[in-house]
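Residue numbers (my numbering): 1 to 122.
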């Protein structure tokens, strides 16, 4: 049977815990319910793609933001994309955005998220 994860097992040092400080206890509890452990590894269910991914710090923060977009800002799932290709006028190639919120036409984006684990530089 899978065991449940408390986020403190992944965000265990003070400098890394700061990554959770933007989120309230209801959001953290909701995300903890999406995490399972199997064979010593932890996985989190993506709220958009409905698939399990390895529960790394960056992925947990991504899911916390998605939870907030869905539940606090009331964006429908159809308007949220994960790891989508985006283009910037000042750059020549395509890049991936961690989270994209699309306009109602579902073609053009209005909000982009780039998620980093704490203290990672670009």
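Quick reminder that beta carbons are idealized off the backbone N, C-alpha and C, glycines included.
Between residue 48 and residue 77, what straight-line distance do the alpha-carbon atoms span, to the nearest angstrom?
-> What you label residue 48 is simply residue 48 of the chain shown in a count that begins at 1. What you label residue 77 is simply residue 77 of the chain shown in a count that begins at 1. Cα to Cα, the separation comes out at about 6 Å.
Under the three-state DSSP convention, the category residue 63 falls into = In the chain shown, the residue the question calls residue 63 occupies position 63. In this structure, residue 63 counts as helix in the three-state DSSP scheme.
What three-state label does DSSP hand residue 1 in the structure shown?
-> Along the chain shown, one-based indexing puts residue 1 at 1. Residue placement at residue 1 cannot be trusted, given a pLDDT of 39 that sits under 50; what the coordinates show is reported in the next sentence. Here DSSP, grouped into helix, strand and coil, assigns residue 1 to coil.
Which residues share a DSSP beta bridge with residue 94?
-> What you label residue 94 is simply residue 94 of the chain shown in a count that begins at 1. The partner list for residue 94 (beta bridge, DSSP) is empty, contrary to what the question assumes.
According to DSSP, what are the bridge partners of residue 43?
-> To locate residue 43, count along the chain shown from 1; it is residue 43. DSSP lists 36, 54 as partners of residue 43.
Cβ contact (3+ pairs, closer than 8 Å) linking the region 58-75 and the region 20-27 | Yes: the two stretches touch, three or more of their Cβ pairs being nearer than 8 Å.
Cutoff 7 Å; reference residue 101; Cβ partners in own chain excluding five residues on either side | Translated into the one-based positions of the chain shown, residue 101 becomes position 101. If we look at residue 101 and ignore the five residues flanking it on each side, its Cβ neighbours are 69, 75, 79, 80, 109, 110, 111.
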